[in-house]
Amino acid sequence: MKISGFIKNSLIDCPGKIASVIFTQGCNMACKFCHNWELIPNCHPMGDTVDEQTVFHYLKKSIGFVDALVITGGEPTVQVDLIPFIRKVKDLGLYVKLDTNGTNPKLLRLLLQQKLIDYVAMDLKTIPELPAYQKLVGNQFTENQLLNVKKTIEILKDASLQVEFRTTLIRECHSSLDVRKMCELLEGDCKYNLQAFSPHKVLDADFETYSSYSPLEIEEMIGYNKDVNSNVTGNI
Ligand code: SF4
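Per the working numbering, the sequence shown runs over residues 49 to 284.
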């Protein structure tokens, strides 16, 4: 595993758990609003990596204190040894939360079949249509990747584990109709978190001039869409 960052203890990254967090190196997207672009090799020279042994040494000595490992990035599913890595984490009895952009349904299915993950948080960047995704991710985002995103959504909607979808709302990129469509896509009681955008230190300088919706506007969107998704919330 290529690991660029390691937080030993966090109370905010995995609901109800004391978690360690690792940030994996590399991503198959280049979202223009990305705040973690240091982890994308084609956008930034990679810094020092964290030794996998360092992570396991800490996890082993913290058994009984740390409950969970959050695997975020970057995009964790581009790591070729993700499955054996998580298996070792599960052998320690830890709860595993995986953050993903949803482009690798095949690997996700394997992780689910082998009961290696307990919680998945997927970024739904926008409505799953190519022009909308490309506006946020760039023209290198392919139809095939979009199909994979759609497959991942369907897998997660049917999965019997904790699932969260989340969207970072940018005024210039997401209309309230888009939010409605995403709530409809995740209808029922799928946990769906609307997040405010911060233009600080983003990958594409143009996005530094873009803005978020106000907390009040996001609250209004949440209220308006409760009829189709009772579990839409905001992180504002
Ligand atoms: S998927 Fe996540 S890590 Fe990758 S570029 Fe987009 S925001 Fe950044």
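By construction, the Cβ of each residue, glycine as well, lies at the ideal position given by its N, Cα and C atoms.
- By the CB criterion at 7 Å, residue 186 and residue 78 fall inside the cutoff.
- Distances from the CA of residue 72 to each of 226, 126, 200 and 246 were compared; the closest alpha carbon is that of 126.
- In the DSSP annotation of this structure, the continuous segment of the beta strand (DSSP E) that includes residue 216 starts and ends at 210-217.
- As summarised for the segment 114-172, the continuous beta strand (DSSP E) elements at least 3 residues long and confined to that stretch are 116-120, 143-148 and 167-171, given in chain order.
- The ligand SF4 has no heavy atom closer than 6 Å to the beta-carbon of residue 256.
- As the crow flies, the alpha-carbon of residue 139 is around 42 Å from that of residue 255.
- Sorting 68, 183 and 246 by C-alpha distance to the C-alpha of residue 110 places 68 at the top.
- Contact between residue 123 and residue 76 holds, with the beta-carbon distance rounding to 6 Å and staying under 8 Å.
- At a cut-off of 6 Å, the beta-carbon of residue 267 does not count as near the ligand SF4: no heavy atom of the ligand is closer than that.
- Checking the DSSP bridge columns, you'll see residue 112 has no partner listed.
- Between the ligand SF4 and residue 150, a heavy atom-to-CB distance of less than 6 Å is absent.
- Around the Cβ of residue 274, a 10 Å sphere holds fewer than 16 other Cβ atoms; the residue is exposed.
- Here residue 58 is bridged, per DSSP, to 67.
- Residues of the same chain with their beta carbon placed closer than 7 Å to that of residue 163 are lacking, with the five preceding and five following residues left out of the count.
- Under DSSP, residue 240 shares a beta bridge with 213 and 280.
- A distance of 7 Å or more separates the beta carbons of residue 231 and residue 145.
- Here residue 253 is exposed, its C-beta having fewer than 16 other C-beta atoms within 10 Å.
- For residue 107, the CB contacts under 8 Å within the same chain, skipping 5 residues up- and downstream, are 68, 114, 117, 137, 140 and 142 in chain order.
- The criterion of a C-beta distance shorter than 7 Å is satisfied by residue 168 and residue 211.
- Bounds of the alpha helix (DSSP H) holding residue 193 are 191-206.
- Taking 6 Å as the cut-off, the C-beta of residue 82 counts as close to a heavy atom of the ligand SF4.
- Relative to the Cα of residue 99, the nearest Cα in the group 133, 86, 88 and 153 belongs to 133.
- In the three-state scheme derived from DSSP, where H, G and I count as helix and E and B as strand, residue 224 is classed as helix.
- For residue 271, the enclosing alpha helix (DSSP H) starts and ends at 263-273.
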